[in-house]
Ligand SMILES: *Cc1c(COP(=O)(O)O)cnc(C)c1O
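Residue numbers (my numbering): 9 to 491.
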C-alpha cells in the first residue's frame with residue numbers, strides 16, 4: 009500500500025503506512041491518502057460479520073498497512089479493543105461489542121439507532137482511534153529505538169483522549185496545553201488527575217487560541233522540533249482516520265442481517281475526520297446509502313454540502329456553542345474528500361487550497377464537480393442551541409435515553425434525512441456527563457455518570473501553570489525530557 013499527497017508533490021516516491029504514521033502533513037502541505045482504496049469482496053463482508061471488534065479492526069487495517077507483520081498488528085488491535093477499556097457502557101453485557109448499537113425506534117419508516125462510540129476511557133469517540141494510535145506509536149518507536157514528545161493544545165476532548173492513550177507508554181511523553189480555568193470542572197479533572205510521569209498538563213494563562221498559537225510557534229522552530237523530537241496527534245493523522253473506518257463496518261453489521269441491505273449514517277462533524285472515515289468505508293464497498301454531515305452553528309460544512317461554496321471562518325466568526333467539540337473555523341480533513349470529489353486531481357486540489365489560504369475559500373457550485381457530491385452519498389444539515397435542547401428532551405422522554413449535545417446535533421439532522429426501510433445510524437460521539445451544563449438546562453437534572461467517574465473532581469490534580477509564552481513552554485519541555 010502506497011500513500012500519496014492530495015497536493016501531488018513527491019509523486020513517484022513511496023510512502024508506506026509506517027512512514028506516515030508519526031508524521032502530520034505531507035511536505036507540500038497536503039494530506040496523505042492511499043494511492044487507491046482497497047475494495048472489500050462479498051466473501052470478506054460475509055466473513056467479517058461474525059468477527060469480534062479487535063479482529064475486524066485487524067482485517068481492515070491490514071488492507072491499509074502492509075509493513076507491520078500480521079501477528080504484530082493483530083496483537084496491537086487485540087490489546088487496544090478490549091471490553092475492559094470500553095467499559096463505560098449503558099448495559100454491562102454490551103461492553104464486549106466495543107461499539108454497541110442502541111436501537112431507539114422507527115421514525116418515518118426508518119429504524120433509528122445510536123452507535124455508541126464513547127464508552128472508552130475519556131467518554132468521547134476520539135478514544136476509538138487514539139487508543140490504537142498509542143499502541144501503534146509505542147510499537148513503532150520501540151522498533152527504531154526512538155522517542156517522541158507529543159505537544160498539543162486542547163479545549164477538552166482531543167487532549168484528554170491523547171493523554172489516556174499515551175499514559176505509561178514507553179518512549180512517549182505528552183505536553184498538553186489547555187486554557188487555565190476555562191474548561192469544565194469535569195474535563196479539567198479528567199486531564200489533571202492523571203499522575204503518570206510521562207503526562208504533563210500545562211495550564212496556559214490565556215484562552216484556547218493562545219495555547220494553539222504556542223504549539224504553532226514551537227512547531228515552527230524547526231531546530232527545536234528536531235532536537236526535542238516534537239510530534240503531534242491531531243485529526244489529520246492518517247492512522248486516526250483509518251482506525252475510525254472500523255466502526256462503520258461494525259455498525260453496518262449490527263443494524264443489518266444480510267449484505268444486500270443498505271444503511272445511512274449521520275455524523276456530528278467538526279474537522280471532518282469522523283465522516284471522512286465513513287466516506288472511506290463507502291469507497292471500500294460498504295453498502296452505505298447516505299452520509300449525513302451534521303454541524304452546529306459553525307456550519308462551514310453544511311454550507312458546502314448545500315451550496316458548493318467552501319468558506320472558512322475567521323476566529324471572530326467562530327461561535328462558542330454548547331457542542332464545543334464541533335466549534336471549528338475550517339475543517340482540517342475536508343481536503344481528503346475534495347481530492348476524491350475532483351477525481352483525484354492534485355493540481356486542482358493545490359489550487360483550491362491555495363484559494364482557501366489567499367481568498368478564504370472556493371466555489372464549486374458552477375462546476376460539474378459539485379453535482380457529484382450526490383454520487384458520494386453526502387447530504388447535510390445544521391443544529392442550534394435550541395434544537396439541541398429540544399432533541400435532548402425529546403429523546404429522553406420518548407426513548408428514555410440521555411444523549412450529549414453533539415449526538416443531539418446528529419439526531420436532529422438525521423431526522424431530516426430519514427428514508428423508509430433504510431436504517432439510520434447516528435454516531436454517538438460523547439457521553440452527556442462531559443457537557444453536563446447543557447443537560448441540566450435541557451432536562452433539569454444531573455447527567456448520568458458512569459460508575460468509574462464518581463468522585464473524579466475531588467481527586468488530586470497535577471498540572472503546571474505557565475504564562476502564554478512559547479519560550480516558557482520550551483523551557484518546560486527541555487527541563488522535563490530525557491533528551
Ligand atoms: C471531535 C468531536 C467531534 C467532531 O469530530 P470530527 O472528526 O472533528 O468531525 C464531534 N463530537 C465530539 C464529542 C467530538 O469530540
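Just so you know, even glycine gets a beta-carbon here, dropped at the ideal spot from N, CA and C.
Three-way DSSP call (helix, strand, coil) for residue 166 in this model = As a position in the chain shown, residue 166 is number 158, starting the count at 1. In this structure, residue 166 counts as helix in the three-state DSSP scheme.
Would the region 416 to 424 and the region 264 to 277 be scored as touching if the rule is three or more Cβ pairs under 8 Å?
-> Flag = yes, the region 416 to 424 and the region 264 to 277 touch.
What's the call for residue 425, buried or exposed, on a 16-neighbour Cβ count within 10 Å?
-> Within the chain shown, the letter at position 417 stands for residue 425. Buried.
Should residue 279 be listed as close to ligand 1, given that the test is whether its C-beta is under 7 Å from any heavy atom?
-> Start at 1 with the first residue of the chain shown, and residue 279 comes out as number 271. Checking every heavy atom of ligand 1 against the Cβ of residue 279, one is found closer than 7 Å.
Beta bridge counterpart(s) of residue 427 as assigned by DSSP | For the purposes of this step, residue 427 is taken as residue 419 along the chain shown, with counting starting at 1. Looking at the DSSP assignment, residue 427 forms a beta bridge with 430.
Check: residue 326 C-beta below 7 Å from any heavy atom of ligand 1 | One-based indexing of the chain shown puts residue 326 at position 318. The closest heavy atom of ligand 1 lies 7 Å or more from the beta carbon of residue 326.
Counting Cβ pairs, one atom from each stretch, are 3 or more of them under 8 Å apart for the region 77 to 96 and the region 46 to 54?
-> Taking a cut-off of 8 Å on C-beta distances, the region 77 to 96 does not touch the region 46 to 54, as fewer than three cross pairs fall below it.
List the endpoints of the continuous beta strand (DSSP E) containing residue 390.
-> The count along the chain shown starts at 1 and reaches residue 390 at position 382. 386 to 390 is the span of the beta strand (DSSP E), which, as asked, contains residue 390.
If we call anything under 8 Å between Cβ atoms a contact, is residue 367 one with residue 194?
-> Stepping through the chain shown from its first residue, residue 367 is reached at position 359. Stepping through the chain shown from its first residue, residue 194 is reached at position 186. No, the Cβ-Cβ distance between residue 367 and residue 194 is not below 8 Å.
Span of the alpha helix (DSSP H) around residue 70 = Along the chain shown, one-based indexing puts residue 70 at 62. It spans 61 to 72 - the alpha helix (DSSP H) in which residue 70 sits, taken as one unbroken run.
Is residue 467 buried or exposed, if buried means 16 or more other CB atoms sit within 10 Å of its CB?
-> Taking the first residue of the chain shown as 1, we reach residue 467 at position 459. Exposed, because fewer than 16 other Cβ atoms sit within 10 Å of the Cβ of residue 467.
Ignoring anything shorter than 4 residues or poking outside the region 219 to 258, list the alpha helix (DSSP H) runs there in chain order.
-> The qualifying runs are 230 to 235.
Is the closest heavy atom of ligand 1 to the C-beta of residue 334 under 7 Å?
-> Counted from its first residue, the chain shown places residue 334 at position 326. Yes, since a heavy atom of ligand 1 falls inside the 7 Å radius drawn around the Cβ of residue 334.
Straight-line CA distance for residue 450 to residue 411?
-> Position 442 of the chain shown, counted from the first residue, corresponds to residue 450. Position 403 of the chain shown, counted from the first residue, corresponds to residue 411. As the crow flies, the alpha-carbon of residue 450 is around 11 Å from that of residue 411.
What is the rounded straight-line gap between the Cα of residue 302 and the Cα of residue 122?
-> Numbered from its first residue, the chain shown carries residue 302 at position 294. Numbered from its first residue, the chain shown carries residue 122 at position 114. In a straight line, the C-alpha of residue 302 is about 14 Å away from that of residue 122.
May I ask you to check if the CB of residue 283 is nearer than 7 Å to at least one heavy atom of ligand 1?
-> Taking the chain shown and counting its residues from 1, one reaches residue 283 at position 275. For residue 283, the shortest C-beta to heavy atom distance toward ligand 1 is below 7 Å.
Verify whether the separation of the beta carbon atoms of residue 333 and residue 389 is less than 8 Å.
-> As a position in the chain shown, residue 333 is number 325, starting the count at 1. As a position in the chain shown, residue 389 is number 381, starting the count at 1. In this structure, residue 389 does not lie closer than 8 Å to residue 333 by Cβ.
Buried or exposed: where does residue 11 fall if 16 or more other Cβ atoms within 10 Å of its Cβ makes it buried?
-> The sequence position of residue 11 within the chain shown is 3, counting from 1. Its Cβ being crowded by 16 or more others within 10 Å, residue 11 is buried.
Is there contact between the region 177 to 186 and the region 134 to 154, where contact requires at least three CB pairs shorter than 8 Å?
-> Judged by Cβ distances under 8 Å, the region 177 to 186 makes contact with the region 134 to 154, as three or more pairs qualify.
Starting from residue 276, follow its DSSP beta bridges and name the residues at the other end.
-> What you label residue 276 is simply residue 268 of the chain shown in a count that begins at 1. According to DSSP, residue 276 bridges with 302.
Could you say which of 267, 160, 237, 173 lies nearest to residue 217 if we only look at CA atoms?
-> If you number the chain shown from 1, residue 217 lands on position 209. Residue nearest to residue 217 within the set 267, 160, 237, 173 is 160 (criterion: CA-CA distance).
Which word fits residue 198, buried or exposed, when buried means at least 16 other C-beta atoms lie within 10 angstroms of its C-beta?
-> Residue numbering aside, residue 198 sits at position 190 when the chain shown is read from its first letter. By the neighbour-count rule (16 or more Cβ atoms within 10 Å), residue 198 is buried.
Name the DSSP bridge partner or partners of residue 186?
-> Here residue 186 refers to the residue found at position 178 when the chain shown is read from its first residue. For residue 186, which the question treats as bridged, DSSP gives the partners 211.
Under 8 Å between C-beta atoms of residue 25 and residue 66 | Numbered from 1 along the chain shown, position 17 holds the residue referred to as residue 25. Numbered from 1 along the chain shown, position 58 holds the residue referred to as residue 66. Result no, Cβ atoms of residue 25 and residue 66 do not sit closer than 8 Å.
Out of 185, 291, 235, 99, which has the shortest C-alpha to C-alpha gap to residue 215?
-> On the chain shown, residue 215 is found 207 positions in, with the first residue counted as 1. It is 185 whose Cα lies nearest to the Cα of residue 215.
Drop a sphere of 10 angstroms on the beta-carbon of residue 359, count the other beta-carbons inside from all chains shown, and report buried for 16 or more, exposed for fewer.
-> Indexing the chain shown from 1 puts residue 359 at position 351. Per the 10 Å Cβ criterion, exposed.
Range covered by the alpha helix (DSSP H) that runs through residue 354 | The sequence position of residue 354 within the chain shown is 346, counting from 1. For residue 354, the enclosing alpha helix (DSSP H) has its first and last residue at 354 to 367.
What's the call for residue 414, buried or exposed, on a 16-neighbour Cβ count within 10 Å?
-> One-based indexing of the chain shown puts residue 414 at position 406. When all chains shown are included, residue 414 counts as buried.
Between residue 133 and ligand 1, is the CB less than 7 Å from at least one heavy atom?
-> Along the chain shown, read from residue 1 onward, the residue named residue 133 stands at position 125. Yes, ligand 1 has a heavy atom inside 7 Å of this Cβ.
Thinking C-alpha only, which one of 74, 39, 208 is nearest residue 485?
-> As a working mapping, residue 485 is identified with position 477 in the chain shown. Of the listed residues, the one whose Cα sits closest to residue 485 is 208.
Chain-order list of residues whose beta-carbon lies under 6 Å from that of residue 19 (same chain, five-residue window excluded) = Position 11 of the chain shown, counted from the start, is the residue given in the question as residue 19. The same chain holds no residue with a CB closer than 6 Å to that of residue 19 once the five nearest residues on each side in sequence are set aside.
Counting only the same chain and skipping the five closest in sequence on each side, list residues whose C-beta sits under 6 Å from that of residue 342.
-> Along the chain shown, read from residue 1 onward, the residue named residue 342 stands at position 334. Correct list, in chain order: 280.
Would you decide whether residue 356 is buried or exposed? Buried here means 16 or more other CB atoms lie within 10 Å of its CB.
-> What you label residue 356 is simply residue 348 of the chain shown in a count that begins at 1. Per the 10 Å Cβ criterion, buried.
Return yes when the C-beta of residue 393 is under 7 Å from any heavy atom of ligand 1, and no when it is not.
-> Start at 1 with the first residue of the chain shown, and residue 393 comes out as number 385. No, the Cβ of residue 393 stays beyond 7 Å of every heavy atom of ligand 1.
Using three-state DSSP, classify residue 48 as helix, strand or coil.
-> Position 40 of the chain shown, counted from the first residue, corresponds to residue 48. It is coil, neither helix nor strand.
Excluding five sequence neighbours on each side, which residues of the same chain lie with their C-beta closer than 6 Å to the C-beta of residue 102?
-> As a position in the chain shown, residue 102 is number 94, starting the count at 1. Leaving aside the five residues that flank residue 102 on each side, the residues in its chain whose CB is nearer than 6 Å to its CB run, in chain order, 108.
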